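There are 2 protein chains.
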Amino acid sequence: MSSKKDIDNNFAAIEPGERRGAPGLSDIARLTGVSKMTVSRVLRGGTGFSEETAQRVLSEARRLGYVPSRLASAFAADRASTLVGVCVPRLTSGLFGNVLDGLDRALSRLGFQMMIGCSNHSQPEEEEWVRHIVSWRPAGVILAGRSHSIGTVQMLSTSGIPVVEMWDLTTSPIDLSVGFSHYDCGVEMARFALQKGRRRAAYLGAHSRSDVMGQSRLEGFAAALEEAGHPLVETEILEDAPSFYAGFYGLEILLARQPALDLVYFHNDEMAIGGLAFCQSRGLRVPEDIGIVGWGGMEAASILPKRLTTTVVPTTGLGKQAAQALVARIRGEPTRRVIAVRTKLIEGETI
Amino acid sequence: MSSKKDIDNNFAAIEPGERRGAPGLSDIARLTGVSKMTVSRVLRGGTGFSEETAQRVLSEARRLGYVPSRLASAFAADRASTLVGVCVPRLTSGLFGNVLDGLDRALSRLGFQMMIGCSNHSQPEEEEWVRHIVSWRPAGVILAGRSHSIGTVQMLSTSGIPVVEMWDLTTSPIDLSVGFSHYDCGVEMARFALQKGRRRAAYLGAHSRSDVMGQSRLEGFAAALEEAGHPLVETEILEDAPSFYAGFYGLEILLARQPALDLVYFHNDEMAIGGLAFCQSRGLRVPEDIGIVGWGGMEAASILPKRLTTTVVPTTGLGKQAAQALVARIRGEPTRRVIAVRTKLIEGETI
DNA sequence: TGCACTTACGTTACCGGTAAACCTAACTTG
DNA sequence: CAAGTTAGGTTTACCGGTAACGTAAGTGCA
Chain U
2 MSSKKDIDNN FAAIEPGERR GAPGLSDIAR LTGVSKMTVS RVLRGGTGFS EETAQRVLSE
62 ARRLGYVPSR LASAFAADRA STLVGVCVPR LTSGLFGNVL DGLDRALSRL GFQMMIGCSN
122 HSQPEEEEWV RHIVSWRPAG VILAGRSHSI GTVQMLSTSG IPVVEMWDLT TSPIDLSVGF
182 SHYDCGVEMA RFALQKGRRR AAYLGAHSRS DVMGQSRLEG FAAALEEAGH PLVETEILED
242 APSFYAGFYG LEILLARQPA LDLVYFHNDE MAIGGLAFCQ SRGLRVPEDI GIVGWGGMEA
302 ASILPKRLTT TVVPTTGLGK QAAQALVARI RGEPTRRVIA VRTKLIEGET I
Chain R
2 MSSKKDIDNN FAAIEPGERR GAPGLSDIAR LTGVSKMTVS RVLRGGTGFS EETAQRVLSE
62 ARRLGYVPSR LASAFAADRA STLVGVCVPR LTSGLFGNVL DGLDRALSRL GFQMMIGCSN
122 HSQPEEEEWV RHIVSWRPAG VILAGRSHSI GTVQMLSTSG IPVVEMWDLT TSPIDLSVGF
182 SHYDCGVEMA RFALQKGRRR AAYLGAHSRS DVMGQSRLEG FAAALEEAGH PLVETEILED
242 APSFYAGFYG LEILLARQPA LDLVYFHNDE MAIGGLAFCQ SRGLRVPEDI GIVGWGGMEA
302 ASILPKRLTT TVVPTTGLGK QAAQALVARI RGEPTRRVIA VRTKLIEGET I
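Note that the protein sequences, when read in sequence, are chains U and R. In the numbering used here, each residue carries its 1-based index in the first sequence increased by 1. In the numbering used here, each residue carries its 1-based index in the second sequence increased by 1.
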């Protein structure tokens, strides 16, 4: 048929002398008059060739601008041995930005590349991403959080790919876990507040989608206060993103209900800074009239005129540790399954 | 030799009956009694097979938990047709976090995966990353910024990979450019300030490494003021990271040198917020005594008690547009080489 | 009845690099 | 001087999926 012929003609339109793609080992081999295998050995720094051959090969490779196809070598090895998949709940979070930075620094130094995905706090989206990444046969995978869909866990377990679950700690990881305990953060902050003489504390949270981690902090905070005989006076969980603005108006709500508070523990630093702004707008003195404490260690929180009391999460360090644990696992070195990183309570000027 | 024998024994330690890796097309083919090719056709939704065969293949694929190897298909096609490389100067920047978010949403919806790198504002590091990504033969590459090393430009040009340079606009891109003009941002802010009656403006910058973009804003700002007959009164570029703290103490320096300013244009919103904090600490009224304007559209800037006047950069939208332009290019659809996105001057309450 | 056409497959070759096996000539060494 | 060793290679097979092409059985129609 004529249509078929036309199509054939179109595909035949490649110029005979023209280079079709990137130069490969065989191009170098042909031009230097040795075999592909010798070229491969020279370029990977092996043995079994003369100095002269090596020079010819290297100069020809340079001249052609040869870049090896990782696709081919990964394929040959049946796994993309320098690829690590990383999935975080949000790309816009300052905290996760730092975690990614730590991961990137550590992984790229160790010769790995990151393929990044974002779950938007959604398990189905995470599972979708895991399916994609598994199809790339990566050397390892890093997931944020410890709760995943059944499909996610199954795919990762059966594939045999090393996995690190990071951020909040789990004692029964798919493979490895690197993180810290949100519950303990809450406990530590409660004890610190008590030590500072606070007796009427409230908690102001906000839950965006499935962020259950704030909940653990609240539980730890409440339990420690309870134990000391000064239970939590008030709790409010806003149906909103945990932003500056939520902290501002949330504190207004909280104080309207219960004016006699001497401390508010916020979901995070952004909300706490919002709370500070609210206090300022109402002439409430911090820390004299009310104490404000946050969580997370936002950079801005440490350089405010009045430094915020908060729990600093070692984000960059966490990324680094997660990367190191994963790489150790990939290399088959012995690794602890659960690695706890230390958060640090920073005493600012708001309590 | 005995050592060789030992090694052989170690490598022979794989159990005969055990699965060595992930199941492939040939496993499904063997188990259903058809050829690899038929399985491939069924799984990719082609034609040329019976309904009954399709069902057998599909159920067997499900049973085995088959995940196709993108490594193999990408390799066969001689390019990783669903892989896009993205390199940003910093992973910890709020602005770039949003750009990445926009990119990720658009790219994943279109069926692409992102491989991310970070140049740390360093051209050698960027070049290093480009070498890595080119070795993956990606469908496209997105770089932040418009100035790159010669090696970077050469590798990308000769590889024929579609490239988008995003963030600041260039009229002579390697391939495509999506961004906005920092110079125009400066001009626009100057005109706005003049319209608001400001006559004695200063600029406070900070240069971290090779961030030359702030420089363009300063140039546009200064030129527009000059043209109107009210030239820039004072300029200070701090040798520091452009942070909240730099804004705070930088303004102090500026006012010590030149107390009679009625406007300060800051490198970015973080610095501007620092400047606001300084004014507050000194009892300077904003905007009555002095106007404070920033750049970038930090989220926190819009929810401060006193909304900051600033230029909002459509970060997420920029990512989306960059992704769409790149994908259009990859698909061979006609595309404009230079796509300008609009920044927006937001009139807050600080001028 | 015979020939074209369709359906439902199967076969082969190939992508680029690498492991493993093999080869050959020169050089040792007992 | 034969046997062994080494340097410096080459050849072959393979990774898993896909394009291109081949083919046998069935189907429709003049």
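Backbone N, C-alpha and C fix where the C-beta goes; we use that ideal spot for every residue, glycine too. The structure presented is a predicted model; accordingly, all values stated were derived computationally and were not measured.
By DSSP's criteria, residue i is part of a beta bridge. Which residues make up the other side?
| i | result |
| --- | --- |
| residue 178/R | 166/R, 339/R |
| residue 274/U | In DSSP, residue 274/U forms no bridge with anything. |
| residue 76/U | Answer is none; residue 76/U lacks a bridge partner. |
| residue 114/R | 84/R |
| residue 203/U | 235/U, 265/U |
| residue 347/U | 311/U |
| residue 294/R | 266/R, 310/R |
| residue 143/R | 87/R, 165/R |
| residue 119/U | 89/U |
With a threshold of 9 Å between beta carbons, is residue i in contact with chain U?
| i | result |
| --- | --- |
| residue 375/R | Given a span of 2 to 352 for chain R in the structure shown, any question on residue 375/R remains unanswerable. |
| residue 115/R | yes |
| residue 269/R | no |
| residue 111/R | no |
| residue 137/R | yes |
| residue 12/R | Residue placement at residue 12/R is poorly supported in this model, since its pLDDT is 28, which falls under 50; the coordinates are not used for a value here. |
| residue 168/R | no |
| residue 41/R | no |
| residue 133/R | yes |
| residue 105/R | yes |
| residue 301/R | yes |
| residue 335/R | no |
| residue 98/R | yes |
| residue 306/R | yes |
| residue 94/R | yes |
| residue 274/R | yes |
| residue 324/R | no |
Determine, using beta carbons only, whether residue i comes closer than 9 Å to chain R.
| i | result |
| --- | --- |
| residue 123/U | no |
| residue 150/U | no |
| residue 46/U | no |
| residue 159/U | yes |
| residue 237/U | no |
| residue 156/U | yes |
| residue 101/U | yes |
| residue 127/U | no |
| residue 28/U | no |
| residue 296/U | no |
| residue 119/U | yes |
| residue 281/U | yes |
| residue 22/U | yes |
If we ignore side chains and look at the alpha-carbon of each, how far apart do residue i and residue j end up?
| i | j | result |
| --- | --- | --- |
| residue 132/R | residue 132/U | 27 Å |
| residue 127/R | residue 149/U | 34 Å |
| residue 76/U | residue 76/R | 7 Å |
| residue 316/U | residue 208/R | 25 Å |
| residue 164/R | residue 220/U | 49 Å |
| residue 98/U | residue 98/R | 7 Å |
| residue 157/R | residue 141/U | 28 Å |
| residue 318/U | residue 239/U | 31 Å |
| residue 270/U | residue 24/R | 47 Å |
| residue 16/U | residue 338/R | Residue placement at residue 16/U cannot be trusted, given a pLDDT of 36 that sits under 50; what the coordinates show is reported in the next sentence. Using only the alpha carbons, I get a separation of about 26 Å. |
| residue 169/U | residue 183/U | 7 Å |
| residue 249/R | residue 293/R | 12 Å |
| residue 59/R | residue 137/U | 21 Å |
| residue 255/R | residue 123/R | 30 Å |
| residue 92/U | residue 172/U | 26 Å |
Could you pull out every residue in the same chain whose Cβ sits closer than 7 Å to the Cβ of residue i, ignoring the five residues on either side in sequence?
| i | result |
| --- | --- |
| residue 253/R | 279 |
For residue i, which residues in the same chain have their Cβ closer than 6 Å to its Cβ, ignoring the five residues on either side in sequence?
| i | result |
| --- | --- |
| residue 189/U | 346 |
| residue 350/R | 307, 308 |
| residue 166/R | 144, 147, 174, 178 |
Using a Cβ-Cβ cut-off of 8 Å (strictly less than) and excluding sequence neighbours within five positions of residue i, which residues of its own chain qualify?
| i | result |
| --- | --- |
| residue 139/U | 80, 81, 84, 85, 86, 116, 162 |
**Residues of the region 242-266 of chain U whose Cβ lies closer than 8 Å to any Cβ of chain R, in chain order** = 244, 245, 246, 249
**Item:** Members of the region 66-92 of chain R near chain U, C-beta cut-off 7 Å
**Value:** 66, 68, 69, 70, 71, 72, 73, 75, 76, 79, 81, 92
**Contact list for the region 179-196 of chain R against chain U, Cβ threshold 8 Å** = none
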